[in-house]
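>
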Amino acid sequence: MKKYLTLATAALLMAACSEKPGYTISGTVANADLNGKYVYLYEYGAKDAAPLDSALIANGQFSLTGSQDSPRLCELKVNTGDAGEQGYQTVFVLENGQLQARMDAKSSAVSGTAENDAFVSLNTSLETLFQGFDKLNEESRSKDTAIAKAAAQKIEEISSQEIAQITAYIKANTNKLSAAKLFVENNYSMAEEDLFAIVDKADSLFKSAPRMEKLLKVIEAKRTVAVGKKFVDFEMKDIDGKSRKLSDFVGNGKIVLIDFWASWCPPCRRDMPNIVEVYKQYKNKGFEIVGVSLDSKQEAWEKGVKDLHITWEQLSDLQGWKNAGAQLYGVNSIPHTVLVDKDGTIIAKGLHGKEIGEKLAELLK
Numbered sequence: 001m002k003k004y005l006t007l008a009t010a011a012l013l014m015a016a017c018s019e020k021p022g023y024t025i026s027g028t029v030a031n032a033d034l035n036g037k038y039v040y041l042y043e044y045g046a047k048d049a050a051p052l053d054s055a056l057i058a059n060g061q062f063s064l065t066g067s068q069d070s071p072r073l074c075e076l077k078v079n080t081g082d083a084g085e086q087g088y089q090t091v092f093v094l095e096n097g098q099l100q101a102r103m104d105a106k107s108s109a110v111s112g113t114a115e116n117d118a119f120v121s122l123n124t125s126l127e128t129l130f131q132g133f134d135k136l137n138e139e140s141r142s143k144d145t146a147i148a149k150a151a152a153q154k155i156e157e158i159s160s161q162e163i164a165q166i167t168a169y170i171k172a173n174t175n176k177l178s179a180a181k182l183f184v185e186n187n188y189s190m191a192e193e194d195l196f197a198i199v200d201k202a203d204s205l206f207k208s209a210p211r212m213e214k215l216l217k218v219i220e221a222k223r224t225v226a227v228g229k230k231f232v233d234f235e236m237k238d239i240d241g242k243s244r245k246l247s248d249f250v251g252n253g254k255i256v257l258i259d260f261w262a263s264w265c266p267p268c269r270r271d272m273p274n275i276v277e278v279y280k281q282y283k284n285k286g287f288e289i290v291g292v293s294l295d296s297k298q299e300a301w302e303k304g305v306k307d308l309h310i311t312w313e314q315l316s317d318l319q320g321w322k323n324a325g326a327q328l329y330g331v332n333s334i335p336h337t338v339l340v341d342k343d344g345t346i347i348a349k350g351l352h353g354k355e356i357g358e359k360l361a362e363l364l365k
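For the sequence shown, counting from 1, position 174 maps to 174 in full-length UniProt numbering; every step adds exactly one.
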């Protein structure tokens with residue numbers, strides 16, 4: 001009898017071992033009107049791709065099952081029947097386990113595994129951080145200067161806290177796809193030293209995330225022109241069509257601000273009056289500016305220069321985001337500034353507004 005029990009136990013163990021690990025997504029949809037509609041599972045970042053799976057919503061619930069060999073960034077979307085509907089969708093990491101999906105118009109989420117739970121926790125924290133943000137935005141446009149200034153300062157503080165939380169999450173999860181997604185979306189606001197540290201630590205899974213390949217090339221370009229490195233030269237035409245080299249202006253005994261901008265860029269236009277004032281104040285004290293425009297049309301470039309009262313040298317190849325100089329300097333957001341010392345050494349990056357004047361006051365005493 002004992003022999004048969006042993007064989008039966010072994011058979012059960014073999015059957016259990018042969019079962020392929022899988023996942024189940026048990027979901028709820030917070031809108032009774034969506035019963036009879038479908039929830040679709042898509043690979044995240046795969047534009048125009050067919051859904052991987054779908055499930056009918058019945059009594060406010062749905063279920064999806066399958067098996068995943070390795071973690072995969074995916075997206076759940078509810079077919080609401082409204083082409084303009086932005087709710088009822090969420091990005092998560094599809095991996096084997098018991099997953100729970102909550103789909104609603106404002107805060108859809110998937111939990112149930114360690115990574116997805118941590119991702120949800122971060123997003124919940126950020127949602128709490130941004131409570132009342134709409135009111136602050138409204139106050140920042142107030143005609144009362146004191147109210148507008150206080151709101152703008154609070155907005156800046158909240159934005160700084162947001163990027164600090166996101167950066168901390170990414171640094172702690174450089175082997176996770178959820179962190180990779182955040183890295184792709186928020187690298188513009190992160191300090192360069194954090195970008196380099198994250199890339200140096202990241203594993204192959206992190207680096208396989210959608211849009212990551214292009215970003216890694218940008219970061220490597222940034223590394224070649226990091227603070228402390230010599231500027232990289234390039235050649236393109238000035239606003240009159242004459243070919244000029246960056247080295248015609250940089251590394252020749254003056255402190256030079258290389259300003260990557262475009263006439264179509266609202267933040268660039270907002271910051272330009274500050275740069276105009278700084279130039280007036282320091283242009284005869286050993287300071288120069290070279291503007292590198294990411295415009296694609298000569299007329300728009302010329303009009304922007306005129307309207308914004310720009311009087312310093314301008315260069316462009318009219319290739320928009322494909323601007324050769326911008327690619328050499330790893331520019332993937334504008335305005336972007338690079339401050340170069342008299343000998344051609346990069347001494348600061350990403351200075352804007354009053355920060356430029358404060359830095360020059362320190363350097364040109």
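Backbone N, C-alpha and C fix where the C-beta goes; we use that ideal spot for every residue, glycine too.
1) Given glutamine 237, which residues of its chain have a CB within under 8 Å of its CB, disregarding the five upstream and five downstream residues?
2) Can you tell which of Gly81, Ala30, Ser26 and Lys230 has the C-alpha that lies nearest to the C-alpha of alanine 348?
3) With a threshold of 8 Å, are at least 3 pairs of Cβ atoms found where one atom belongs to the region 175-187 and the other to the region 210-228?
4) Thinking valine 256 and valine 340 are a contact (beta carbons under 8 Å), I'd like their distance in whole angstroms, please.
5) In this structure, how does DSSP classify glutamine 319 when only helix, strand and coil are distinguished?
6) How big is the Cα-Cα spacing for isoleucine 198 and aspartate 33?
7) Using the Cβ count rule (16 or more neighbours within 10 Å means buried), how would you classify glycine 291?
8) Please report the distance separating the alpha-carbon of asparagine 137 from that of lysine 342.
9) Which runs of the alpha helix (DSSP H) fall wholly inside the region 57-107 and span at least 4 residues, in chain order?
10) Taking just the CA atoms, how far does aspartate 104 sit from serine 111?
11) Within 10 angstroms of its Cβ, does phenylalanine 119 collect 16 or more other Cβ (buried), or is it exposed?
12) Report the residue from Val227, Val338, Asn173 and Ala226 whose alpha carbon sits nearest the alpha carbon of lysine 207.
13) Taking the alpha carbon of glutamine 100 as the point to measure from, which residue in Leu64, Leu182 and Leu73 has its own alpha carbon closest?
14) Within a Cβ cutoff of 7 Å, which residues of the same chain sit near lysine 143, ignoring the five residues on either side of it in sequence?
15) With DSSP as the reference, identify every bridge partner of isoleucine 346, one or two as the case may be.
16) By DSSP, does lysine 229 sit in helix, in strand, or in coil?
17) Using the rule of at least 16 other Cβ atoms within 10 Å of the residue's Cβ for burial, across every protein chain shown, is tryptophan 321 buried or exposed?
18) Would glutamine 61 pass as a contact of glycine 27 if the rule is Cβ separation under 8 Å?
19) Excluding the 5 residues flanking serine 107 on each side, which residues of the same chain have their C-beta closer than 7 Å to its C-beta?
20) Return the CA-CA distance between phenylalanine 249 and glycine 304, expressed in angstroms with no decimal places.
21) Under 8 Å between the Cβ atoms of glycine 97 and leucine 73?
22) Quick one: is aspartate 271 buried, meaning 16 or more other Cβ sit within 10 Å of its Cβ, or exposed?
23) May I have a chain-ordered list of the alpha helix (DSSP H) segments no shorter than 4 residues that lie completely inside the region 175-243?
24) In angstroms with no decimal places, state the Cα-to-Cα distance between leucine 364 and valine 227.
25) Which residue's Cα is closest to the Cα of lysine 37: Val225, Gly81 and Arg223?
26) Residue 371 by DSSP, collapsed to three states: which one?
27) Roughly how far, in whole angstroms, is the beta-carbon of arginine 223 from the beta-carbon of phenylalanine 183, given that I think they are within contact range, below 8 Å?
28) Under the three-state reduction of DSSP, which class applies to serine 111: helix, strand or coil?
29) Just to confirm my understanding: we take isoleucine 155, look at its own chain, exclude 5 residues before and 5 after, and list those with CB closer than 8 Å. What are they?
30) So phenylalanine 287 is in the beta strand (DSSP E); what residue range does that whole segment cover?
31) Within the continuous alpha helix (DSSP H) that includes isoleucine 258, where are the two ends?
Straight from the coordinates:
1) One point to set straight first is that residue 237 is lysine, not glutamine, in the sequence displayed. Here the set comprises Ser243, Arg244, Leu315, Ser316 and Asp317.
2) Lys230
3) yes
4) 5 Å
5) coil
6) 44 Å
7) buried
8) 41 Å
9) none
10) 14 Å
11) buried
12) Asn173
13) Leu64
14) none
15) Val340
16) coil
17) exposed
18) yes
19) Glu127
20) 22 Å
21) no
22) buried
23) 177-186, 192-201, 204-207 and 212-224
24) 19 Å
25) Gly81
26) This structure leaves residue 371 out entirely; the chain is present only between 1 and 365.
27) Actually they do not touch by this definition, with Cβ atoms about 16 Å apart.
28) strand
29) Phe133, Leu136, Asn137 and Ser140
30) 287-293
31) Here isoleucine 258 belongs to no alpha helix (DSSP H); instead the beta strand (DSSP E) covers 255-261.
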